[in-house]
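Using numbering that gives the first Met the number 0, you'd call the opening residue of the sequence shown number 0 and step up by one each time. Data block below; observations after.
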Amino acid sequence: MKKLLFQLDTDAHPAVFDTVVAYDGGADHVIGHGNVTPDNVTSLVEGCIFTRAPKDKKYTAIFVGGSDMTAGEKLFKAVQKTFFADFRVSVMLDSNGSNTTAAAGVAKLLTSGSIRDKRCVILAGTGPVGRRAAAMMALEGANVALTSRTADRARQTCADIKTTFDVDIEPIAAADNEARARAVEDANVVFATGAAGTELLLPEHWQGNDNIEMIADANATPPLGIGGTEMFDRGENRNGKIIWGAIGFGTLKLAVHRACIGKLFESNDQLFDAVEIFALAKAMA
Numbered sequence: 000m001k002k003l004l005f006q007l008d009t010d011a012h013p014a015v016f017d018t019v020v021a022y023d024g025g026a027d028h029v030i031g032h033g034n035v036t037p038d039n040v041t042s043l044v045e046g047c048i049f050t051r052a053p054k055d056k057k058y059t060a061i062f063v064g065g066s067d068m069t070a071g072e073k074l075f076k077a078v079q080k081t082f083f084a085d086f087r088v089s090v091m092l093d094s095n096g097s098n099t100t101a102a103a104g105v106a107k108l109l110t111s112g113s114i115r116d117k118r119c120v121i122l123a124g125t126g127p128v129g130r131r132a133a134a135m136m137a138l139e140g141a142n143v144a145l146t147s148r149t150a151d152r153a154r155q156t157c158a159d160i161k162t163t164f165d166v167d168i169e170p171i172a173a174a175d176n177e178a179r180a181r182a183v184e185d186a187n188v189v190f191a192t193g194a195a196g197t198e199l200l201l202p203e204h205w206q207g208n209d210n211i212e213m214i215a216d217a218n219a220t221p222p223l224g225i226g227g228t229e230m231f232d233r234g235e236n237r238n239g240k241i242i243w244g245a246i247g248f249g250t251l252k253l254a255v256h257r258a259c260i261g262k263l264f265e266s267n268d269q270l271f272d273a274v275e276i277f278a279l280a281k282a283m284a
């Protein structure tokens, strides 16, 4: 029985990255659909759940992707609403690589030290990876704050995380590098999750900060999010801080993504979102 993965993408074109990793994760065939929304997804899901016998439904699975996390979350829920009784298949959500990237970054930080009761600041944290990383750190018992260029967006993001994960995140408005430097003055852990090629902190903003113990940067496109770090840092000690670069924890990100794809085909009733993917990342780290 062939393992079929249906890649339902909220963008016009299903992501090539996700397709490649799906094959590497064990799918025999990946069938991509773009511009998928909650309004047009029902017939696609019905094609997945009505075509194979109960014992064979585990060989069909769904991956929800795209660049928009909010749209992905809505689509993920819409897919599940189509299920009933045992007419269901396993589903994974990883819009913009947010769940796997955040899970890998936080999991690698945890290999370097505990974050429980630590002050953790997510820089440029309103994007998909930042939202997930903030939630994961809070679920680990950290005191988490996230920054955004505007106060309104920071507050709305924190409210959204509260609704989804029932954790409290502090919003911080920080429109430039100097403001972000002030935001991390009392931080123990800093995780940069900004747009590719956007520098969020200069070296002098963190190198002399005795409070900071660990840093992770999800940006692999120069200039890096945190100046003075390297994308290949794998728990390197720089200026007394443990540093994880985007490539440094990216190996785990890819491994977790592939592992999740493989697990989708173990049964027909699994859901892989932030919590489940984070648990797997911690086990694999």
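Every residue gets a Cβ at the ideal spot worked out from N, C-alpha and C, and that includes glycine.
Buried versus exposed, by CB contacts within 10 Å (16 or more), H204:
buried
By how many angstroms is the C-alpha of E45 removed from the C-alpha of E177?
52 Å
Output the distance between the C-alpha atoms of G71 and D272, rounded to the nearest integer angstrom.
11 Å
Please report how far the alpha carbon of G124 lies from the alpha carbon of I160, in whole angstroms.
11 Å
Give me the DSSP bridge partner(s) of E265.
Partner(s): none; E265 has no beta bridge.
Which whole-angstrom value is the C-beta distance of N208 and E184, which I expect to be below 8 Å?
7 Å
Determine the burial state of K2: buried for a count of at least 16 other Cβ atoms within 10 Å of its Cβ, exposed for fewer.
buried
Assign V15 to one of two classes, buried (16 or more other C-beta atoms within 10 Å of its C-beta) or exposed (fewer than that).
exposed
Among the residues of its own chain, which have a CB less than 6 Å from the CB of I30, if the five just before and after it don't count?
F5
Quick one: residues in its chain with C-beta nearer than 6 Å to the C-beta of T110, no 5 flanking neighbours on either side, listed in chain order?
A284
Which of helix, strand or coil does DSSP assign to E169?
strand
If you scan the stretch 215-276 from start to end, which runs of the alpha helix (DSSP H) of 4 or more residues do you find wholly inside it?
245-263
Distance, Cα to Cα, L122 vs L201?
13 Å
Just to confirm my understanding: we take T41, look at its own chain, exclude 5 residues before and 5 after, and list those with CB closer than 7 Å. What are they?
T81
What's the gap between the Cα of T99 and the Cα of T18?
15 Å
Please tell me whether G244 and F231 are closer than 8 Å, where the distance is taken between their beta carbons.
yes
Span separating the alpha-carbon of K76 from that of M91
11 Å
DSSP state of L199 mapped onto helix, strand, coil:
coil
Along the chain, where does the beta strand (DSSP E) containing M91 start, and where does it finish?
S89 to L92
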